[in-house]
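Listed in order, the protein sequences are those of chains Y and B.
Numbers in the working numbering are just positions in the first sequence, counted from 1, shifted up by 301.
Numbers in the working numbering are just positions in the second sequence, counted from 1, shifted up by 106.
Below is one structure, written out as structure tokens, with a few remarks after it.
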Amino acid sequence: MTEQQQDAPQPDVSQFCPKGDVLVIAEQILGELQPVTMELLGAGRLLANKMERRLKCAVLGYKLGDMPQKLIEYGADVVFVADDPELHMYRTLPYRRVLVDLLESFDEPPHTCLLGSTTTGRDLAPRIAAHFDTGLTADCTELDIGPYEHKSKVDPSKIGLYPNCLYAIRPSFGESLKARILGPWKNPQMATTRPGVMIPLKADPNKQGEIKKIPVKLQPDDYRLIVEETIREASKGIKLTEADVIVSGGYGLGSKDGFDLIRELAACFENSAVGASRKVVDLGWIPYQHQVGQTGKTVRPKLYIACGISGAIQHRVGMSKSDTIIAINKDPDAPIFKFAHHGIVGDCFHIIPEMIRQFTELKKAERGVEAVVSTH
Amino acid sequence: MAYNIFVLVKQVPDQGSKAGLNPDGTIDRARAKRMLNPFDRYALQAALHMKKAYGGSVTAISMGPPPAVEILLEALEHGVDRGFLLSDRRLAASDTLATAYALYKTVTYVGKFDIIFCGLQTTDGDTAQVGPQLAERLGLPQISYCEDFSIQNGKVHARRIIEGGVQKVLTEMPVLVTVANSYHPLEYKSFRGAWRVQQLQRKQDELKQYIQTVDLDIVGADPERCGLKGSPTIVAATEKVGDIGGNCTMHEGSAPETLVRECLTSTKIDGFLVTAKS
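Quick look at the structure:
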């Protein structure tokens, strides 16, 4: 806190959500609780503790069984359960209706409302935020609670010192910067967090909590979209998030064909997968499912080989926790060399074939010898 | 059936180009090269596909400073029938909620529609929020992460991505669709389209029949709900991301063979290799 802030007269903003709790919207697909929910509860618990508020969680679905109990074990104090055949599969409008009704039933809106930056969370959160005319920050990588003093005179009604403000922190575009986004003027202050980033609590089977059933009152308009089929894809090849080794390609590959080389290199490793930077996904060189980074997947393989990837912040947030990062890039000043463990300055089309050649030699040398494979 | 097809497009700074990059890595929007938001190319393709397959006309709608008219011209070259640009200084610093409100007013001003296509997200905001927020304002059902669709008996059948799978959905129109980047990439513009736009640009009066620039007053938007004032969120602070590793062992200046050998000897990479027996 700076001196200036202490000396300034503090306008009364105590009317801003003095008791509102932290609410996490759980996510389940066909009865399977999604990991991001536990992560949200972990993050939400910290925020709630900091403000001495309760952590609430809402879960919607059908035949949810012991899921509400599980949510308590992972940190929730109160769980709201909407269990109804109409909620069996996620649909925007029915889920939106139940949650909007729930939030409107509170005497005071939640202080903070969190969802996952999944296809579901990103579909649902903006609807709720727009309904309540409240702020929503997408794809956060850090959350915190802290004070904020607003001094800008553009809108005098906003001036004041807000003691408990949600800090929604996310990488800012095209920059090696993180932006802290906040909006204490309206509650709930909403954010989505990217899967794989927040740390879940250890399940505590002795934790006590309250489970409350909430009504499901859909309106005719809510039935406008019908889900005909939900297909969980049996993993085609190895999932990015589960691979031990990921070989990723970027714009430096020059064209779609460059990925043939990436696939060939990936095939040299056990339990490997092919990743990509967003730019090449945008260009249609490789499907979205391969994208690593801010708007793609967060991965933590044992080995990450980045080929022709400059290392923009969006990519970096998705892979920087890999055990070993090897970067290949023509440009010695590429940002990726700032956080890779090993950097090779050179043309991918010279380096990768050479790598493949040397790997093949190594393999030949190992033939008949007990393999030194450490995949776990 | 002639469908009224709307597509929302945005002009964004080209992050791939070094022009307009400040020394500290931030983007100087005034100097940066501008481009059509890459995600919107899929939305544009979806709109044009719908027109071609089922009939109707395509209206492209954008919000941004005056140069954004460039992407509407580009859309026209691809076969879009007309464009609207909402441009107003009072829109500066709009967050997603304020943007969705301004677009809602613009869409309502432009007229009746059966379907609105949006890109999944923009490359300068990365929020994926404006589409669903606009759908909420318009009270529409939405199909987000759509990667394929068809129209049968006046209903939209679509396949959308969900976590670890896909979902097949069916809905009536009007509907808002955000198009995933696994949809078909935008086809090249035709020579005829490009030529037509070139001709139009010579006759500004005629061009105005195809591309209209409107402001908040024209579309009837409340300026209090736009720009900084209408935005519930602000960027309060930015901080540099500290370097994580900072201990990169560099291999450079030699022949590929040496570089790779150096790197491999120091990383024990061979532990992960497919073994000879497999």
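Using N, Cα and C, we set each Cβ at its ideal position, and we do this for glycine too.
Keep in mind it's a predicted model, so treat the numbers as computed, not measured.
Proximal chain B residues relative to residue i, where beta-carbon distance stays under 7 Å
{"i": "residue 624/Y", "result": "In chain order: nothing, as chain B lies at least about 10 Å away."}
{"i": "residue 389/Y", "result": "In chain order: nothing, as chain B lies at least about 12 Å away."}
Closer than 9 Å at the beta carbon, the chain B residues around residue i
{"i": "residue 543/Y", "result": "None at all; the shortest Cβ gap to chain B is about 12 Å."}
Rounded C-alpha distance that separates residue i from residue j
{"i": "residue 156/B", "j": "residue 360/B", "result": "54 Å"}
{"i": "residue 466/Y", "j": "residue 371/Y", "result": "29 Å"}
{"i": "residue 389/Y", "j": "residue 341/B", "result": "38 Å"}
{"i": "residue 621/Y", "j": "residue 601/Y", "result": "8 Å"}
{"i": "residue 273/B", "j": "residue 420/Y", "result": "11 Å"}
{"i": "residue 663/Y", "j": "residue 364/B", "result": "15 Å"}
{"i": "residue 358/Y", "j": "residue 198/B", "result": "36 Å"}
{"i": "residue 476/Y", "j": "residue 136/B", "result": "Since pLDDT at residue 476/Y reaches only 48, below the 50 mark, its modelled position is unreliable, and the value read off the structure follows with that caveat. If I take the Cα positions, the gap works out to 16 Å."}
{"i": "residue 678/Y", "j": "residue 218/B", "result": "Given a span of 302 to 677 for chain Y in the structure shown, any question on residue 678/Y remains unanswerable."}
{"i": "residue 190/B", "j": "residue 210/B", "result": "13 Å"}
{"i": "residue 289/B", "j": "residue 651/Y", "result": "33 Å"}
{"i": "residue 114/B", "j": "residue 212/B", "result": "11 Å"}
{"i": "residue 666/Y", "j": "residue 367/B", "result": "15 Å"}
{"i": "residue 342/Y", "j": "residue 439/Y", "result": "17 Å"}
{"i": "residue 354/B", "j": "residue 648/Y", "result": "18 Å"}
{"i": "residue 369/B", "j": "residue 357/B", "result": "7 Å"}
{"i": "residue 159/B", "j": "residue 187/B", "result": "15 Å"}
{"i": "residue 431/Y", "j": "residue 405/Y", "result": "14 Å"}
{"i": "residue 315/B", "j": "residue 120/B", "result": "29 Å"}
{"i": "residue 563/Y", "j": "residue 371/B", "result": "21 Å"}
{"i": "residue 150/B", "j": "residue 530/Y", "result": "27 Å"}
{"i": "residue 118/B", "j": "residue 294/B", "result": "20 Å"}
{"i": "residue 540/Y", "j": "residue 583/Y", "result": "20 Å"}
Per-residue contacts from residue i into chain Y (C-beta, under 8 Å)
{"i": "residue 345/B", "result": "478, 479 and 481"}
{"i": "residue 287/B", "result": "582, 583, 585 and 589"}
{"i": "residue 283/B", "result": "The premise fails here: residue 283/B is roughly 11 Å from chain Y at the closest Cβ pair, so nothing lies under 8 Å."}
{"i": "residue 258/B", "result": "Under the 8 Å cutoff, chain Y gives no residues; its nearest Cβ is about 12 Å from residue 258/B."}
{"i": "residue 277/B", "result": "525, 526 and 527"}
Proximal residues of chain B, C-beta to C-beta of residue i below 8 Å
{"i": "residue 254/Y", "result": "For chain Y, the structure presents residues 302 to 677; residue 254/Y sits outside this window and is missing."}
{"i": "residue 455/Y", "result": "334 and 335"}
{"i": "residue 335/Y", "result": "269"}
{"i": "residue 651/Y", "result": "362"}
Neighbour list for residue i in chain Y, Cβ cutoff strictly below 9 Å
{"i": "residue 274/B", "result": "528, 529, 530, 531 and 532"}
{"i": "residue 378/B", "result": "545, 546, 569, 570, 571, 572, 573, 603, 604, 674, 675 and 676"}
{"i": "residue 354/B", "result": "626, 628, 637, 638, 639, 640, 641, 642, 643 and 644"}
{"i": "residue 239/B", "result": "427, 428, 430, 431 and 437"}
{"i": "residue 155/B", "result": "Residues of chain Y passing the Cβ test: none, with the nearest at roughly 15 Å."}
Test item: CB-CB of residue i and residue j under 7 Å
{"i": "residue 657/Y", "j": "residue 643/Y", "result": "no"}
{"i": "residue 615/Y", "j": "residue 585/Y", "result": "no"}
{"i": "residue 104/B", "j": "residue 173/B", "result": "Absent from the structure is residue 104/B, since the part of chain B shown begins at 107 and ends at 384."}
{"i": "residue 604/Y", "j": "residue 546/Y", "result": "yes"}
{"i": "residue 396/Y", "j": "residue 339/Y", "result": "no"}
{"i": "residue 322/B", "j": "residue 196/B", "result": "yes"}
{"i": "residue 517/Y", "j": "residue 337/Y", "result": "no"}
{"i": "residue 606/Y", "j": "residue 637/Y", "result": "no"}
{"i": "residue 566/Y", "j": "residue 629/Y", "result": "no"}
{"i": "residue 613/Y", "j": "residue 573/Y", "result": "no"}
{"i": "residue 427/Y", "j": "residue 448/Y", "result": "no"}
{"i": "residue 227/B", "j": "residue 393/Y", "result": "no"}
{"i": "residue 221/B", "j": "residue 317/B", "result": "no"}
{"i": "residue 327/Y", "j": "residue 379/Y", "result": "no"}
{"i": "residue 413/Y", "j": "residue 485/Y", "result": "no"}
{"i": "residue 185/B", "j": "residue 108/B", "result": "no"}
{"i": "residue 268/B", "j": "residue 286/B", "result": "no"}
{"i": "residue 345/B", "j": "residue 631/Y", "result": "no"}
Partners in chain D for residue i, counting only beta-carbon separations shorter than 8 Å
{"i": "residue 487/Y", "result": "This model lacks chain D altogether; the protein chains it does include are Y and B."}
Near the ligand FMN: residue i beta-carbon under 6 Å from a heavy atom
{"i": "residue 397/Y", "result": "Because no ligand of any kind appears in the structure shown, any question about the ligand FMN cannot be addressed here."}
Residue i: contacting residues in chain Y (beta-carbon distance under 7 Å)
{"i": "residue 375/B", "result": "604"}
Select from the region 433-457 of chain Y all residues with a C-beta closer than 9 Å to any C-beta belonging to chain B, and list them in chain order. Cβ contacts with chain B: 434, 435, 436, 437, 438, 439, 440, 449, 451, 453, 455 and 456.
Within the chosen definition, does the region 239-256 of chain B reach the region 201-209 of chain B through at least 3 CB pairs nearer than 8 Å? Yes: at least three Cβ pairs fall under 8 Å.
If the cut-off is 9 Å on Cβ atoms, which residues from the region 634-648 of chain Y count as contacting chain B, listed in chain order? 636, 637, 638, 639, 640, 641, 642, 643, 644, 645, 646, 647 and 648
Relative to chain Y, which residues along the region 183-209 of chain B have a C-beta separation below 8 Å, given in chain order? 201, 202, 203 and 206
I'd like to know if the region 406-419 of chain Y and the region 479-496 of chain Y are in contact, where contact means that at least 3 CB-CB pairs between them fall below 8 Å. yes
Cβ-based contacts, 7 Å cut-off: residues of the region 499-513 of chain Y near chain B: none
Please identify, using Cβ separations under 9 Å, the residues of the region 366-398 of chain Y that lie next to chain B, in order along the chain. Answer in chain order: 390, 391, 392, 393, 394 and 397.
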